[in-house]
């Protein structure tokens, strides 16, 4: 596999994992040397003062575990069923735009890691590789490794016109993507990154590509501009529901009432998220609000959580507080930058091992046993 | 426009906004290089240990937003009516003494920005330019820009004698100032700034100029001195109410009982404030006490808040917790020092854009929708 | 006044107050250059990890003031009656051992400042000057300044034998000391300071001088040693009560039940204190426990508080939470080291001015008005 | 006593205690210069982000003492009975693996200190010296010092087979170990230390030595591996109970329900512990959960606590919150590295002196008096 040196990639990804990399956080430290400054800033930064970003971590660190001892976990496993598919662990690759920013093989490398670790991947609308190519690469890897292709899902950004949105949906359907994770919290995201040459959102109409709020705002305010017209609304959920039989998850919800309304409108699951702290500063962290959302939607609605997952114990905490599964975002790019496909696979392996250890340590043999009883609440 | 270099101004204001300045905070960082040390210290400092100053910010940062998704804000706007006038946003220029400390054109530059952004300006009793000149400049700018003059209000410090106070009121009335914001919390403010040559409180009787507490205190204590005689009291509110039909807002209240008493005595609005943390250290922050004040005075009394507003999300939080509008203080001087009229206009624009973004992101199309439902309270 | 350079005093005290010294804290910063390392460490340090020391300050900083506005304080004063004597402010010089550690004139300089500022001084059993000499100096200063001698009180450490304790009491009575503040929390204080030549506890029997716990502990443990025999007990309070008609204050109480018991046993007042954080680490701060003590003893028992008072607002908070007066400790030594008698007088002046300002700012004309209504409690 | 320089020991232990070492913490600072990097890291580190490790300390520091005054403690002592034996203080040497890592005489030096201070020692299954040799050394020291041998207990790690576990129990019984402290929380501990030459777990079957999780995890996950088979379960407690009449304490419990179940299953005591923060990150601290455990098991079940004990006041807090005794872990190795047997003895002495001082200062003459009344709880 050749790795041509792109200008925005400071050094080629490693071919093997350094022994010093033992935790997900280590990839973040190492990645700094592989990624150009503006891209690094784009990946790492949150909004405004980074309050949301910091809350994502501190909300995990503030929860105390209360492990149970002497329970056998010998027959245990971490498997979970979602939408008719078995996941070996309650862990998915979160949708992340433009993997090409950190590695020349971009999403093709990531999806090979997903196959290797049998981990579902949510492919971003803003992928730098075509959905069909991602699918084809997954199948080739599955063939080589003699494993099935894990679930591939589409992360959908509503496009300026429904015709354009429909085209994205069709391309995803053609690539066999099995579910639709519709992001509803990022229409007003500000960004100042200029995409480097060769990194593009190849799956969307180039002329209609999502303009960054920051560009629009140079001239005028938000209200009264045409910009507010294209923001997703409940009507778009109805349209989407009518258009597809695939599972729809609404991503970017934190208010319990919104979760209830989304399910009532036909959504099949909710992704509790503050978009990695990138969109609105000072938001409640997903973990903090999670128990309220679980209480609002009841036991049967799939709730996924992202934002701040870096350790196996974070997964235990999220599941104990009501999540069915979690997603990991930025660490994909860190690991991809440092060691390509191998890095992403190792990062997923590390998280899964830590999760299994933590489950065993709190005395739970199956994810269904993870509940408030393993938490200490003052 | 010529900008003669004054000794206390380290470099002339810029003629255009550097692209690095994207947030209100950036003006503070840049301003350090434009302002002499003693003036910088005077502007930035709070009282004693800066506990009040720090609380103003931390009280905002400690509040978590709970945004709602998928609501259309397409027909939204940020307008608000106060005292029969429409404000395009719930944002006013707080009264700030001596703009001449940071820019040769002083309040004349600021008021031009106020006209450009259609933002109300509260003119300090301690302005370094005459009320009439400020008014004339506003009208000229309004003519040039083909926009109306926004509301200009008087910030009133009670003078040593009522005759002197009446003279200030008369000058403000002559200049068409539409409301009176009477400051009641700063009689005992300590200050050690020696005003530089050419910067004076030109609107008040020079001989009777407000002596700084710190000067008085060199010789004797507070109680038993004549100094306590001139502090404003409830009798002065009655006198003021009898003297004018214009709206009176009492600035510097944090105790709910005081707000109730002020309204009962004829005040038309309250400014919840700790004087930017400059007067009494260890005070409750305005934001913290705001819901208690709203509960005390009911829904209809205009409550303005200042102290710590630096981000659009701060405005969302203040309005959600009970304010009708907010004021921004020190950032005026930072922006004025860095880029004069243009800086102040840009600073206001940044705050308004951020506020509109934040409103759209929490799903509110009008300021009336901002209430406790967009906050997460544990 | 000559100031011979003693080896443990690094430079002679200044003859006038530098303008940079404006707050009590400033004396602490300046004092570092006047005091030898081991003595500085002895003065500044708390016990173990300094948790008690830090809590003394943070407990003040954590309280938020809720000032009232527009109340006239024109006829106000800060006077308070205690034990039949009028104090111009609710502020006393706390007992502090060995003023000679930082100034050659030792307690003689301090008492002159007490006379100048008409502030009561609590003279330590471990004073480095004789009670009679302190008294004589006070009278001479009072004569020069044409002011009365302010109250002088004895701080009493119980001595190894009652005969020795009686001798201390007699010397204090001979010197006209008006009350007895009996310290009950410092028997087990550890200390490693070797007193420099010329600094001694001249008022106690030299052979029987209080041995430091740290010396005793070199050989054996606490329990089972003779050391526990000499610790003060309730029986000693009965003995003391029977021996004198003067007011007795018990210093070093934090438990409400102990305060109640002390009053029942004939004590006339309580000093809520953790000995400046010097004795037992991890203690509750006096301010935190103060309202509980006030509730326990009722409105009429004099409660004094020390520990952490550095600002006028601290005095407001202490009185609002139930104290009748406060004492200031370490700052005496800081000010004495920097500027001798003048320094101590100025330090007291600063505190009183700040206290008067703070009272005026919260809208209270007399100390009796300081109560919970000027605090914001969430 | 010769101290050959081992490669992993950077300098020979001192022959006398430097006067600068006055607190337990001082040994930690000094020890850094005696111990090689990898071993230092192994000793000091906690799991993942060290959240559990930090919580162990902060939970002590967050508790405030409310001392009582004027109570005589003259007849006081710190003795406590456990399992028919008198302990001079409620303080034991916690089980710590491989003392040979820091001192050539290893557990033989430690046990001599235990004899000298009459402190019970819990000997680790992973001791670097044979149980019989430890016993013999204890008896020789007892003979020299003319003191009895203090209680020696076995810390038991369940071995891969019951036969192997039985062999450990037999060796301990042969050595006269009086109780069994069975550790149940460390099966999944990760470690990367390679034992230096000459340091081995000489009391266990070498071929079956506990493999580190980190080694196992290189190849496969936890669940589905044989690794989960060997984790201790409730069945093992039943087996152990049937096998011995000696007291059994279960170490590593934090959940009240587990404590209740252990006692019901025949255990005689509980050690509340998070394994020094080494095993599972983000756990509740033992001190925080202690009152809940005491409430669950009632007044009569012996509860020991370890994790973070560094000061005499920590012991007071632990006993006041429900512990019958505490154990100290890492400081053994610090003191052993710095000054061998002498260091451990001095470290124990320091803790006991501080504990006696703190008891006297809070006004308790016997450990039974230490209860919630000496704590301030807001």
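Chains as they are written, first to last, in the numbering used here: chain A, 28 to 405; chain B, 28 to 405; chain C, 28 to 405; chain D, 28 to 405. Glycine included, C-beta positions come from ideal geometry on N, C-alpha and C.
Who are the neighbours of residue i on chain C, taking C-beta pairs under 8 Å?
| i | result |
| --- | --- |
| residue 15/D | Chain D is shown only over 28 to 405; residue 15/D falls outside these bounds and no answer can be derived. |
Following a CB-centred definition, is residue i positioned closer than 7 Å to any heavy atom of the ligand SAM?
| i | result |
| --- | --- |
| residue 388/A | Among the ligands in the structure shown, none appear at all, so the ligand SAM cannot be discussed. |
Verify whether the separation of the beta carbon atoms of residue i and residue j is less than 8 Å.
| i | j | result |
| --- | --- | --- |
| residue 92/A | residue 314/D | no |
| residue 124/A | residue 130/A | no |
| residue 63/B | residue 35/B | yes |
| residue 165/D | residue 153/D | no |
| residue 358/B | residue 374/B | yes |
| residue 163/A | residue 145/A | no |
| residue 109/A | residue 351/A | yes |
| residue 312/B | residue 99/B | no |
| residue 297/D | residue 316/D | no |
What does residue i touch in chain D if you count any residue whose Cβ is under 9 Å from its own?
| i | result |
| --- | --- |
| residue 211/C | 96 and 97 |
Taking the C-alpha atoms as reference points, what is the distance between residue i and residue j?
| i | j | result |
| --- | --- | --- |
| residue 401/C | residue 286/B | 15 Å |
| residue 46/C | residue 33/B | 27 Å |
| residue 249/A | residue 303/A | 23 Å |
| residue 368/C | residue 219/B | 26 Å |
| residue 151/A | residue 77/B | 47 Å |
| residue 155/B | residue 132/B | 9 Å |
| residue 377/C | residue 389/C | 18 Å |
| residue 69/D | residue 371/D | 20 Å |
| residue 57/C | residue 366/C | 10 Å |
| residue 29/B | residue 40/B | Per-residue confidence for residue 29/B stands at a pLDDT of 44, beneath the threshold of 50, marking its modelled position as unreliable; no derived number is given. |
| residue 196/C | residue 260/C | 18 Å |
| residue 200/D | residue 54/D | 33 Å |
| residue 114/C | residue 337/C | 19 Å |
| residue 360/B | residue 355/D | 58 Å |
Based on the DSSP output, what are the partners of residue i in its beta bridges?
| i | result |
| --- | --- |
| residue 91/B | 403/B |
| residue 276/B | 208/B and 296/B |
| residue 108/C | 113/C |
| residue 395/C | Answer by DSSP bridge pairing: none, since residue 395/C is not bridged. |
| residue 182/A | 151/A and 208/A |
| residue 62/D | 36/D |
| residue 119/A | 354/A |
Could you name the residues of chain A that residue i contacts, counting a contact when the two beta carbons are closer than 7 Å?
| i | result |
| --- | --- |
| residue 248/D | 379, 380 and 383 |
Check the Cβ of residue i against every Cβ in chain C and list those closer than 9 Å, keeping chain order.
| i | result |
| --- | --- |
| residue 338/D | 75, 76, 308 and 309 |
Quick one: list the residues of chain D neighbouring residue i, beta-carbon separation under 8 Å, in chain order.
| i | result |
| --- | --- |
| residue 10/A | Not covered by the structure: residue 10/A. The range shown for chain A is 28 to 405. |
| residue 316/C | 93 and 403 |
Just to make sure I have the definition right: I need the residues of chain B whose C-beta is within less than 8 Å of the C-beta of residue i. Which are they?
| i | result |
| --- | --- |
| residue 279/A | 96 |
| residue 92/C | 307, 309, 310 and 311 |
Against residue i, what residues of chain B qualify as contacts under a CB-to-CB distance less than 7 Å, listed in chain order?
| i | result |
| --- | --- |
| residue 104/C | 250 and 251 |
Which chain D residues are close to residue i, counting only those with a beta carbon under 7 Å from its beta carbon?
| i | result |
| --- | --- |
| residue 388/A | 215, 306 and 307 |
Anything in chain A within Cβ reach of residue i, meaning under 9 Å, just list it in chain order.
| i | result |
| --- | --- |
| residue 264/D | 97 |
Return the chain-ordered ranges of every beta strand (DSSP E) run that is complete within the stretch 298-386 of chain C and spans a minimum of 3 residues. 330-333 and 352-355
Could you tell me which uninterrupted alpha helix (DSSP H) segments, each at least 4 residues in length, are contained entirely in the stretch 137-166 of chain C, listed from first to last along the chain? none
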